[in-house]
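Participant: I'd like to ask some things about the structure below.
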Amino acid sequence: QGYGEGKAKDKRLKALSELIDYATVHGAKTFVFEKLKMNGRKNISTKTGNRKLTRFAAHELLSHAEIMVKKRGGEFVQINPAYSSQSARIINQDLGVDVHTASAVVLGLRYLHTHKYT
Numbered sequence: 243q244g245y246g247e248g249k250a251k252d253k254r255l256k257a258l259s260e261l262i263d264y265a266t267v268h269g270a271k272t273f274v275f276e277k278l279k280m281n282g283r284k285n286i287s288t289k290t291g292n293r294k295l296t297r298f299a300a301h302e303l304l305s306h307a308e309i310m311v312k313k314r315g316g317e318f319v320q321i322n323p324a325y326s327s328q329s330a331r332i333i334n335q336d337l338g339v340d341v342h343t344a345s346a347v348v349l350g351l352r353y354l355h356t357h358k359y360t
């Protein structure tokens with residue numbers, strides 16, 4: 243049933259590579275990612291949710307992204323995502339985007355704020 247582990251992994255990494263290529267072609271030099279803590283986090287109410295969370299390949303995706311970004315001459319940055327969703331819920335309607343996109347904007351602005359003039 244569903245994807246095999248190898249096929250799903252290959253599809254995730256290929257999609258990530260295509261996204262980084264697209265951003266690089268359009269002039270992106272700095273790539274900001276959430277600094278995720280996945281260990282010991284089992285507060286999902288369903289067994290299926292817990293299983294999916296423990297199998298989530300966050301470390302693998304982030305390490306692959308770091309390698310791909312550096313190969314293309316970019317800067318790989320991880321930002322603490324604390325409270326970014328709450329901020330995103332406040333500004334998403336003003337920007338006319340969904341909460342996830344607004345959260346990405348918040349992370350980018352947080353990076354720019356902490357690294358201004360560098």
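Residue numbers for the sequence shown follow our numbering, so the first one is 243 and each next one is one higher. Beta carbons are placed, not taken as given, at the ideal position from N, Cα and C, and that holds for glycine. Just so it is clear, the structure is predicted and the values come from calculations on it, not from any experiment.
When DSSP builds the beta bridges, which residues end up paired with Q328?
Facilitator: Position 86 of the sequence shown, counted from the first residue, corresponds to residue 328. Paired residues: none, contrary to the question.
Participant: Can you give the Cα-Cα distance for L349 and K313, rounded to whole angstroms?
Facilitator: If you number the sequence shown from 1, residue 349 lands on position 107. If you number the sequence shown from 1, residue 313 lands on position 71. Taking the straight line joining both Cα atoms gives about 23 Å.
Participant: How would you call V267, buried or exposed, if buried means at least 16 neighbouring beta carbons within 10 angstroms?
Facilitator: Position 25 of the sequence shown, counted from the start, is the residue given in the question as residue 267. By the neighbour-count rule (16 or more Cβ atoms within 10 Å), V267 is not buried but exposed.
Participant: Kindly indicate the opening and closing residues of the beta strand (DSSP E) around V319.
Facilitator: Taking the first residue of the sequence shown as position 1, residue 319 is located at position 77. That run of the beta strand (DSSP E) goes 317 to 321.
Participant: How is V339 classed by DSSP in three states: helix, strand or coil?
Facilitator: Walking along the sequence shown from the start, residue 339 turns up at place 97. The answer is coil: DSSP assigns V339 none of H, G, I, E or B.
Participant: Can you give me the Cβ contacts of E317 inside the same chain, cut-off strictly under 8 Å, excluding the 5 residues immediately before and after it?
Facilitator: By 1-based counting over the sequence shown, the position of residue 317 is 75. If we look at E317 and ignore the five residues flanking it on each side, its Cβ neighbours are K271, T272, F273, V311.
Participant: With distance defined between alpha-carbon atoms, name the residue in I321, L303, G269 nearest to H355.
Facilitator: As a first step, residue 355 is located in the sequence shown; it is residue number 113 there, counting from the start. Measuring from the Cα of H355, the nearest candidate turns out to be I321.
Participant: Measure the alpha-carbon distance for S326 versus L303 and round it to whole angstroms.
Facilitator: Position 84 of the sequence shown, counted from the start, is the residue given in the question as residue 326. Position 61 of the sequence shown, counted from the start, is the residue given in the question as residue 303. If you take the alpha carbons of S326 and L303, they lie about 21 Å apart.
Participant: Evaluate S345 with the Cβ neighbour count: other Cβ atoms within 10 Å of its Cβ, from every protein chain shown; 16 or more gives buried, anything less gives exposed.
Facilitator: Residue numbering aside, residue 345 sits at position 103 when the sequence shown is read from its first letter. By the 10 Å Cβ count, S345 comes out buried.
Participant: What separation, rounded to the nearest whole angstrom, lies between the Cα atoms of H306 and K277?
Facilitator: The residue labelled residue 306 in the question sits at position 64 within the sequence shown. The residue labelled residue 277 in the question sits at position 35 within the sequence shown. Straight-line Cα distance between these residues: approximately 14 Å.
Participant: Where does T290 fall in DSSP's three states?
Facilitator: The sequence position of residue 290 within the sequence shown is 48, counting from 1. It is helical.
Participant: Return the first residue and the last residue of the alpha helix (DSSP H) that L278 is part of.
Facilitator: Start at 1 with the first residue of the sequence shown, and residue 278 comes out as number 36. Element bounds for L278: n/a, residue is neither H nor E.
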